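Just below is one structure, and these are the notes that go with it.
Protein chains: 2
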Amino acid sequence: MKLTPSPFAPARFPDLPVVKGVRATTGSRGFYAARGMTRDDVFLFSFEEGTHCAGVYTLSHTASADVIWCREALKSGAGKARALIANSGNSNAFTGAKGVLKNEATLKALTETLGVEKQECFLAATGVIGEPLPDPNYVGAFVPDLAGKLSAPDWEAAARAFMTTDTFPKGAGLATKIDGVDVNLAGIAKGSGMIAPNMATMLAYVFTDAAIAPDLLQGLLEEVTNQTFNNITVDGDTSTSDTLMVFATGANGMAEIATRDDPRFAEFASALKQVCLDLSHLIVKDGEGASKFVTITVEGAVSETSAKVVACSIANSPLIKTAMAAGDANWGRIVMAVGKSLEPIDMDQLAIWFDDVQVASAGGRMPDYSEAAAGGVFAQPEFTIRVHLGVGEASATVWTCDLTHGYVDINGAYRT
Amino acid sequence: MKLTPSPFAPARFPDLPVVKGVRATTGSRGFYAARGMTRDDVFLFSFEEGTHCAGVYTLSHTASADVIWCREALKSGAGKARALIANSGNSNAFTGAKGVLKNEATLKALTETLGVEKQECFLAATGVIGEPLPDPNYVGAFVPDLAGKLSAPDWEAAARAFMTTDTFPKGAGLATKIDGVDVNLAGIAKGSGMIAPNMATMLAYVFTDAAIAPDLLQGLLEEVTNQTFNNITVDGDTSTSDTLMVFATGANGMAEIATRDDPRFAEFASALKQVCLDLSHLIVKDGEGASKFVTITVEGAVSETSAKVVACSIANSPLIKTAMAAGDANWGRIVMAVGKSLEPIDMDQLAIWFDDVQVASAGGRMPDYSEAAAGGVFAQPEFTIRVHLGVGEASATVWTCDLTHGYVDINGAYRT
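First to last, the protein sequences are chains A and B. The opening residue of the first sequence carries number 11 in the working numbering; numbering runs sequentially from there. The opening residue of the second sequence carries number 11 in the working numbering; numbering runs sequentially from there.
Here you go:
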C-alpha cells in the first residue's frame with residue numbers, strides 16, 4: 011500500500027555535522043526489490059579503532075537474534091565497536107537456529123573484510139517477523155561490496171535505508187564545544203512508534219566523535235533512554251528488535267571523559283539527551299496514521315515511576331487517542347485512565363489542564379468549564395495534557411500521537 | 011451519531027425465564043430526552059424479603075459514587091438486597107460531593123417508598139463522566155412513579171433502559187432443576203466492552219430464585235467473574251462504573267445452599283457461570299465497531315495468571331486487533347505480543363494455532379506454512395487463536411473483538 015506522509019514530516023532532512031572517525035555506506039540487497047521496489051535496504055558503518063559504544067535493547071522475551079547478539083557483543087567486547095550493519099525488510103526475529111546462522115555468516119564477513127574482532131561488530135534487522143532468509147549468508151555476502159564504498163556518511167541515505175513504514179527519514183544532531191574542543195553528534199532513527207514489530211521496528215543510532223569511557227557511556231545512555239525513547243508510545247506495543255546505540259569514536263582529539271565528576275560529562279550528557287529527544291519525537295510524529303503530537307505531563311505523584319505509569323495509561327488509552335484524533339476534548343476519559351492505572355491518587359485533589367486551559371480542579375469539573383476553550387486546544391496539531399494527582403511532588407512526561415483511520419488502514423493492509 | 015448494529019446482534023431478545031421474587035419496571039427520566047431521543051433510561055428492580063446478593067466492582071481509583079455506595083452497602087448490609095435502581099445517560103463519576111448527594115436522595119426515596127433499609131438498596135449509573143446532575147434528587151424524585159408500576163420483569167425493556175453505545179439489548183438465562191427444585195436465572199448486561207467509560211460502561215446483573223447464603227454467593231461470584239467478565243476485553247480500558255451483581259431471592263422454595271460441600275452448590279455454580287459467560291460474550295460481540303469475535307487460549311504456561319497475562323497481551327494489542335479486522339493472519343504479531351508480556355516462555359518451544367491450522371511450532375514457522383490456510387481462518391467472523399508457551403501446564407482463555415474504523419468513528423465522534 012502507498013503510505014500517506016505524516017503531516018509532521020519536515021520539509022527536508024536536517025544538515026547533520028561531520029562526525030570524525032565514522033564512515034558509512036548503503037546499498038540495495040534486494041529485500042525490497044523482491045516486492046518491486048527500488049530502494050536501499052542495508053547500511054554499513056565502520057568506526058575508527060578506539061571507538062566506544064553503549065546500547066539498550068527491547069525487553070521482549072521474543073527478542074530478535076540480532077538483539078541477542080548485540081547484548082552479548084556489548085558485554086564480551088567491553089564496549090568496543092568497529093562496525094554496525096543493519097537491514098530492513100526482514101527482522102530476523104523468531105527465526106531460531108537459522109537466525110543465528112545468518113548472524114554468524116554476517117559477522118564472519120565483517121571480521122574478514124574489515125579486519126576487526128567479532129565482538130566489535132553490531133547487527134540489526136527490521137521487517138517481517140518469523141520469515142527465514144533465503145540463505146544464511148544473504149547479508150554477509152553483500153559485505154565486501156559495501157565495505158569497498160565506505161566514506162564520510164550520507165546521513166540521509168543511511169536514515170532512508172532502514173525505513174519500513176516510516177514516511178520520512180529521521181535525523182537529528184548538533185555540534186558544540188566542550189572545554190574548547192569541537193564535539194559533533196549525529197543520530198538517525200527509524201520506526202513509526204513502539205508500535206510496529208512487523209514492518210516498523212524502532213532502531214536508533216547516535217554517532218559522536220567525543221571520547222568517553224564505555225561504562226560511563228552505558229550508564230549515561232540508560233539514563234537518557236529513560237527520559238526520551240522510553241517515554242514515547244504510539245500504541246503500547248513493543249517490538250522484538252527495539253535498539254538504541256551510541257558510538258563515540260573519540261576522533262575529535264579530546265581527552266577521554268572517564269568519570270561523572272568530570273565537568274565535561276554533564277555537557278556531553280546534555281547534548282546526547284537533546285539528540286535522543288529530537289529523534290524520539292520524530293518517531294512519534296511519524297507514528298502510523300498520526301495526525302496529532304501530544305505531550306502528557308503527570309505531576310503531584312508519589313514517585314516518578316508512578317507518574318510515568320499514569321502518563322502511559324493516558325497515552326496508551328485507545329479511547330483517549332481516538333478523542334485526540336477527532337479533536338474532542340473528552341476530559342472524562344482522562345479521569346478514567348488515571349483511575350485504571352491503579353496508582354495512588356487523591357480523587358478530590360485531581361486537576362487537569364489542556365495547555366493552559368484548566369478543565370478540572372479539586373476532583374470535579376471547573377465551574378467555568380468551557381467546551382469551546384477545551385476543544386480549541388484539542389483542535390491543534392500539537393498540545394499538552396497535564397494532570398496533577400494531588401499526592402506528592404514527583405512528575406513525568408511522555409509523548410504520544412493519536413489513533414486514526416490511518417492506523418487501522420496501515421496495520422490491516424500491510425503484510426501481504 | 012447513528013450507530014451501526016453489530017453483525018453479531020441476535021435476531022431477537024432471548025426468552026428469559028420467570029424468576030420468582032423479582033419485580034421490575036422501567037421509565038424515561040429525561041436523560042436522553044434532553045438529546046432529542048425517546049427512550050427509557052432508568053430501571054428499578056425490587057426483591058422479596060430474604061433476597062441475598064453479591065457484587066464485584068471496578069478496581070478503578072476513580073470509581074463512581076454509585077460503585078462506592080454499592081461496596082459499602084454490600085458490606086454493611088451483609089449481602090441482603092431489596093432494590094436496585096440504575097440510570098443511563100450520566101455516570102455520576104468524578105462528581106465529588108454532588109454525586110454523594112444524588113445517591114443520598116435516591117436512597118431516601120427508595121427506603122421511604124418501598125419500606126426497605128438503605129443498605130439493602132443498590133445503585134448504578136452509566137454515561138458521561140464528570141457531568142453533575144441538574145438536581146441531586148433528579149433520580150430520587152422519579153422513584154414513586156416507578157415503584158407504582160413494579161410487576162413481573164420485562165427483561166428486554168430493562169436491558170434496553172441501561173444501553174448507551176450498545177447496539178442491541180443483552181440478555182441470557184436458563185431454567186434448570188437442582189435436586190428436584192426449579193431454579194431460574196435471568197441476566198441482563200450493557201456495555202460495548204470494557205472499553206467505554208464515557209457512554210458505554212459495563213454493567214451486568216443476574217437474578218435467580220435460588221436460595222444461597224450471601225458469603226457463599228459472594229465467593230462464587232468472584233470465581234465466576236474470573237472465568238467470564240474478567241476475561242473479556244475490547245480495548246483494555248477500564249471504566250469507573252463496572253459492576254456485576256447477582257441477586258438470589260430464594261423464592262423457589264428450596265432450602266438455602268449454605269456450604270460449598272452441598273452437592274447443589276456445584277450445579278448452581280455451573281448455571282451461574284453459563285449465564286455470566288453468555289452475557290460477557292454478548293458484550294464483546296457488541297464491542298464498539300466489532301466485526302470479529304475471537305477466542306484466545308494460552309496453554310503451557312507456568313500459572314493460570316501468567317497464561318492470562320499473555321492472552322490479554324495478545325487480545326489488547328492494537329496491531330493484532332487491526333490485523334483481525336483486515337483478516338490478515340499476521341502470526342508474527344502474536345510472537346510480538348507473547349514477547350512483550352514479559353511472562354516466562356520457551357521461545358524454542360513456542361507454538362501457535364489459528365483454529366486447527368498450526369502456523370508455528372518449536373519456535374519457528376511451520377515448514378508447510380500456508381498463507382491461504384491461515385488467512386482462511388482469519389477471514390471468518392469467529393475464530394480461535396491458541397498459543398502454547400512450552401514452560402508449564404497452566405492455561406487461560408480470554409475473548410476479544412477486532413479494532414475497526416467503526417471504533418475510531420464511534421469514539422472520536424461521540425460525546426458532543
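Glycine is no exception: its CB is placed at the ideal position from the N, C-alpha and C atoms. This structure is a prediction, so every number in the text was calculated from the model and none was measured.
For residue i, tell me which candidate among the options has the shortest Cα-Cα distance.
i	options	result
K85 of chain B	B:I188, B:C131, B:Q368	B:C131
I95 of chain A	A:A44, A:T105, A:A168	A:A168
V52 of chain B	B:A44, B:T36, B:T61	B:T36
G87 of chain B	B:A107, B:D76, B:A64, B:A75	B:A64
E82 of chain B	B:T175, B:T72, B:Y67	B:Y67
T123 of chain A	A:A268, A:R33, A:M264, A:V153	A:V153
T48 of chain A	A:G40, A:L54, A:V401	A:G40
A214 of chain A	A:T186, A:R170, A:A185, A:V138	A:R170
D419 of chain A	A:T175, A:G400, A:W363, A:E232	A:T175
W165 of chain A	A:G150, A:D25, A:P20	A:D25
E58 of chain B	B:F257, B:Q129, B:D225, B:N102	B:F257
How close, in whole Å, do the beta carbons of residue i and residue j come, if the pair is a contact with beta carbons under 8 angstroms?
i	j	result
L329 of chain A	N421 of chain B	6 angstroms
T410 of chain A	V294 of chain A	6 angstroms
Q359 of chain B	G342 of chain B	In fact, because the Cβ distance is near 17 angstroms, the residues do not count as touching under 8 angstroms.
T332 of chain B	Y417 of chain A	7 angstroms
N262 of chain B	K30 of chain B	6 angstroms
G99 of chain B	G137 of chain B	4 angstroms
V440 of chain A	I355 of chain A	Only positions 11 to 426 of chain A appear in the structure, and residue 440 of chain A is not among them; the question remains open.
Using 10 angstroms around the beta-carbon of residue i, count the other beta-carbons present and answer buried if the total reaches 16, otherwise exposed.
i	result
T238 of chain A	buried
A134 of chain B	buried
T426 of chain B	Residue placement at T426 of chain B is flagged as unreliable, the pLDDT there being 42, under the threshold of 50; the coordinate-derived value follows with that caveat. So T426 of chain B counts as exposed.
D50 of chain A	buried
F18 of chain B	buried
T315 of chain B	exposed
S280 of chain A	exposed
S259 of chain B	Note on identity: in this sequence residue 259 of chain B is Thr, with Ser being the wrong assignment. Classification of T259 of chain B: buried, given that the 10 Å Cβ count is 16 or more.
R270 of chain A	exposed
A221 of chain A	buried
A91 of chain A	buried
S16 of chain B	buried
P377 of chain B	exposed
K108 of chain A	exposed
K180 of chain B	buried
E353 of chain B	buried
A157 of chain A	buried
A370 of chain A	buried
A389 of chain B	exposed
Suppose the cutoff is 7 angstroms on Cβ atoms and the five residues either side in sequence are ignored; what does the same chain contact list for residue i look like?
i	result
A347 of chain B	S323, I324, S327, I330
G385 of chain B	G337, A339
S351 of chain A	V319, V320, S323
F172 of chain B	F53, A96, S98, T136, K200, L213
Enumerate in chain order the residues of its own chain whose CB-to-CB distance from residue i is below 6 angstroms, with the five nearest sequence positions on each side excluded.
i	result
A182 of chain B	G197, V285, D288, L289
V234 of chain B	L282, K283, C286
A404 of chain A	A311, S313, E314, A317
D145 of chain B	none
T414 of chain A	G299, S301, A335
E392 of chain B	F303
A268 of chain B	A223
Can you give me the start and stop residues for the alpha helix (DSSP H) that residue i sits inside?
i	result
A107 of chain A	106-124
M47 of chain A	Here M47 of chain A belongs to no alpha helix (DSSP H), and DSSP marks it neither H nor E.
L156 of chain B	153-157
D288 of chain A	273-295
K318 of chain A	314-326
G263 of chain B	It is not in any alpha helix (DSSP H) - G263 of chain B carries neither H nor E in the DSSP assignment.
K85 of chain A	75-86
G229 of chain B	224-237
E381 of chain A	381-388
Which residues mark the beginning and the end of the beta strand (DSSP E) in which residue i is found?
i	result
L352 of chain A	Neither: L352 of chain A is in no beta strand (DSSP E) and is coded neither H nor E.
Q368 of chain B	367-371
V216 of chain A	213-218
K187 of chain A	180-188
A396 of chain A	Before going further, note that residue 396 of chain A is Arg rather than Ala in the sequence given. Start and end: 392-398.
Can you list, in chain order, the residues of its chain with a C-beta nearer than 8 angstroms to that of residue i? Leave out the 5 residues immediately preceding and following it.
i	result
C80 of chain B	G65, Y67, F132, L133, A134, T253, M255
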